[in-house]
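Using the numbering used here, you'd call the opening residue of the sequence shown number 1494 and step up by one each time. Worksheet for the structure shown next.
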Amino acid sequence: MAKRVFFSFHYQDVIDFRANTVRNHWLTKKDREVAGFFDASIWESAKKTGDTAVKRLINKGISNTSNTCVLVGSNSFERRWVRYEIFKSIYEGNHVFAVHINKIKGKDQKVKAYGNNPFEYLGLEFSKDGKSVKPIEFKIKNWGYARDFDGYKLDKVAPKSYWGNVYKLSKWHKIYCWKTGDGYKNFSKWVK
């Protein structure tokens, strides 16, 4: 059965056509069941109406999805709303993974070097009793608490080895490459 996927991306990657190569690859498949997903993405249209409106739009886009795919271009890792979408997706219990898209030819017919893995720049700080976490992010030269996402209580106590520790999200979340990982064929396997 096809899953609902929220796509998180930097809008520049839509302009360059890379993001839509992944988001629209289902169009050349027999049907969405074969593709393995329904796209539940949103556009950045709410930016003009303020932070609360952007968060509301993102929250609505993520609701009723079970997966979040972060499309990693050159600057995705540093984009404020990509970071928020990742933390919100984790909070909601989505299966979160990333896909490098810079090896897809852009509208200029060129490829780029891999962008930085956003999961290396985001993390969770576990409380000393393992009952809550605080999202953290790397900002310029230091780690600090996330700008847009507050700490929260966990549904169940974290494993004892996590108590009082900080981990990058890359500990739990995988990143694939659309080109070398044959995303056209394998995307439905990356979705859980």
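Glycine is no exception: its CB is placed at the ideal position from the N, C-alpha and C atoms.
### Task
Go through its chain and collect everything with a Cβ distance to Val1527's Cβ below 6 Å, but skip five positions before and after it.
Within the sequence shown, residue 1527 is the residue found at index 34, counting from 1. Unreliable placement is indicated for Val1527, whose pLDDT of 45 sits below 50; no coordinate value is reported for it.
### Query
From which residue to which residue does the alpha helix (DSSP H) around Arg1497 run?
Counting from one through the sequence shown, the residue named residue 1497 turns up at place 4. Per DSSP, Arg1497 belongs to no alpha helix (DSSP H); it is in the beta strand (DSSP E), 1496-1501.
### Task
Using three-state DSSP, classify Pro1628 as helix, strand or coil.
Taking the sequence shown and counting its residues from 1, one reaches residue 1628 at position 135. The answer is strand: DSSP assigns Pro1628 an E or B state.
### Task
State the CB to CB distance for the pair Glu1578 and Ser1501, rounded to an integer number of angstroms; the pair is presumed to be in contact (CB under 8 Å).
Here residue 1578 corresponds to residue number 85 of the sequence shown, with the count starting at 1. Here residue 1501 corresponds to residue number 8 of the sequence shown, with the count starting at 1. Between Ser1501 and Glu1578 the Cβ distance is about 4 Å, and since that is below 8 Å, they are a contact.
### Query
Can you list, in chain order, the stretches of the beta strand (DSSP E) that have 3 or more residues and sit fully within the region 1586-1661?
1588-1593, 1615-1619, 1625-1632, 1635-1638, 1659-1661
### Message
Could you tell me the alpha carbon to alpha carbon distance between Ile1629 and Asn1517, rounded to whole angstroms?
### Response
The count along the sequence shown starts at 1 and reaches residue 1629 at position 136. The count along the sequence shown starts at 1 and reaches residue 1517 at position 24. Going by the C-alpha atoms only, they are around 32 Å apart.
### Message
Taking 8 Å as the limit between beta carbons, can you name the residues of its chain near Asn1552, skipping five residues before and five after?
### Response
Position 59 of the sequence shown holds residue 1552. The residues are Lys1581.
#### Entry: Euclidean distance between Cα positions of Val1515 and Gly1676
The sequence position of residue 1515 within the sequence shown is 22, counting from 1. The sequence position of residue 1676 within the sequence shown is 183, counting from 1. Looking at the two C-alpha atoms, the distance is approximately 8 Å.
### Task
Give me whichever residues DSSP pairs with Thr1514 in a beta bridge.
For this step, residue 1514 is matched to residue 21 along the sequence shown. Thr1514 pairs with nothing; no bridge assigned.
### Task
With a 10 Å radius around its C-beta and 16 neighbouring C-beta atoms as the bar for buried, classify Ser1556 as buried or exposed.
To locate residue 1556, count along the sequence shown from 1; it is residue 63. Ser1556 is exposed by the Cβ-count criterion.
### Message
Is it buried or exposed, Asn1610, if we count other Cβ atoms within 10 angstroms and call 16 or more buried?
### Response
Residue mapping note: residue 1610 aligns to position 117 of the sequence shown, counting from 1. By the neighbour-count rule (16 or more Cβ atoms within 10 Å), Asn1610 is buried.
### Query
So Asn1679 is in the alpha helix (DSSP H); what residue range does that whole segment cover?
As a working note, residue 1679 is residue 186 in the sequence shown. Per DSSP, Asn1679 belongs to the alpha helix (DSSP H) from 1676-1683.
### Query
Around the Cβ of Asn1587, are there at least 16 other Cβ atoms within 10 angstroms (buried) or fewer (exposed)?
As a working note, residue 1587 is residue 94 in the sequence shown. Asn1587 should be labelled buried.
### Message
Tell me which residue opens and which closes the alpha helix (DSSP H) that Thr1545 is part of.
### Response
By one-based count along the sequence shown, residue 1545 stands at place 52. Run containing Thr1545: 1544-1555, per the alpha helix (DSSP H) assignment.
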